[in-house]
């Protein structure tokens, strides 16, 4: 199911610079979450497996089943919303997994996604939003007052935005050293710009629900796009520095405002 991916020269250069010990594997089948049996197959291509686990009391009682499973002791890699390329430190060496769904995508964009994963590994951010929010996930759940799957989507988006605050300076600096990857990063941002600029109006008119809007706005953070209110408050040094506590306060203020 897994085999080493042939990397382009730009991606190989990024791996050498940021995460030289990481293996990049192609996956023969697509997935959102690797079930424990398939995840254990990774034992054939790595030196060791060490499943992540999180306290059950970090989760609300109605948390999605997949999230509860992820928090448990089974080896679980990849979660809904993780996209076409995922990475994990639950193996030795760490891995970047390229899902089968990338077939047909522009090569330059896939290269950027792999390079992005390598940079995130180098930044040592948590693998999943549960490792970011920890017990504050309960406070976020209470602040949003959304359905469990929507709370999950908002949490994943907020985490993605926070990670983007860590990584975008790296991408912006690639214009000289990694120009092909810089162009792909910039192109992806250009494709988001029109959608983001009209986001507040789309939410106000009911054309976009809040979870989808948060996902789009937070995806734009890594590209340095200008965000409308209330999402502009997430593109700040305060969020980068204070992380989950700031995210919860932002959610409380935002949902109080929406209720008014």
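In the numbering used here, the protein residues as written are 917 to 1176.
Note that the Cβ used here is the ideal one computed from N, Cα and C, for glycine as well.
Whether or not the stretch 1149-1156 and the stretch 1086-1101 are in contact is what I'm after, with contact meaning three or more pairs of Cβ atoms, one per stretch, closer than 8 angstroms; do they touch?
no
Can you tell me the Cα-Cα spacing of residue 1000 and residue 918, whole angstroms?
15 angstroms
What would DSSP say about residue 977, mapped onto helix, strand or coil?
coil
Can you say whether residue 981 is buried or exposed, counting buried as having 16 or more other CB atoms within 10 angstroms of its CB?
exposed
Looking at the structure shown, is residue 964 part of a helix, part of a strand, or coil, going by DSSP?
strand
Through-space distance from residue 1123 to residue 1043, alpha-carbon basis
32 angstroms
Rounded to whole angstroms, how far is the Cβ of residue 948 from the Cβ of residue 995, which I believe are closer than 8 angstroms?
So it is a contact: roughly 7 angstroms between Cβ atoms.
Have a look at residue 976 and residue 1082 and give me their C-alpha separation to the nearest angstrom.
One C-alpha to the other measures close to 28 angstroms.
Pair within 7 angstroms by beta-carbon distance, residue 939 and residue 1034:
no
In the DSSP assignment, find the alpha helix (DSSP H) that holds residue 1083 and state where it starts and stops.
1064-1088
CA-to-CA distance, residue 962 to residue 1172, given in whole angstroms:
48 angstroms
How far does the beta strand (DSSP E) with residue 1183 in it reach, from first residue to last?
Residue coverage of the chain in this structure runs from 917 to 1176, which leaves residue 1183 outside it and unanswerable.
Excluding the 5 residues flanking residue 1098 on each side, which residues of the same chain have their C-beta closer than 6 angstroms to its C-beta?
1090 and 1091
How close, in whole Å, do the beta carbons of residue 998 and residue 924 come, if the pair is a contact with beta carbons under 8 angstroms?
With 8 angstroms as the limit, residue 998 and residue 924 do not qualify as a contact, their Cβ atoms being about 22 angstroms apart.
Give the secondary structure of residue 982 by DSSP, where H, G and I count as helix, E and B as strand, and everything else as coil.
Three-state result, residue 982: helix.
When you compare only the Cα positions, how much space is there between residue 964 and residue 1120?
If you take the alpha carbons of residue 964 and residue 1120, they lie about 50 angstroms apart.
Do you know whose CA, among 1045, 1109 and 1160, lies nearest residue 1144's CA?
1109
Closest by C-alpha distance to residue 1129, when choosing among 1141, 1112, 1138 and 1140:
1112
With burial defined as no fewer than 16 other Cβ atoms inside 10 Å of the residue's Cβ, what is the status of residue 971: buried or exposed?
exposed
Extent of the continuous alpha helix (DSSP H) run through residue 932:
925-934
I need the boundaries of the alpha helix (DSSP H) containing residue 1029, first residue and last residue.
1023-1039
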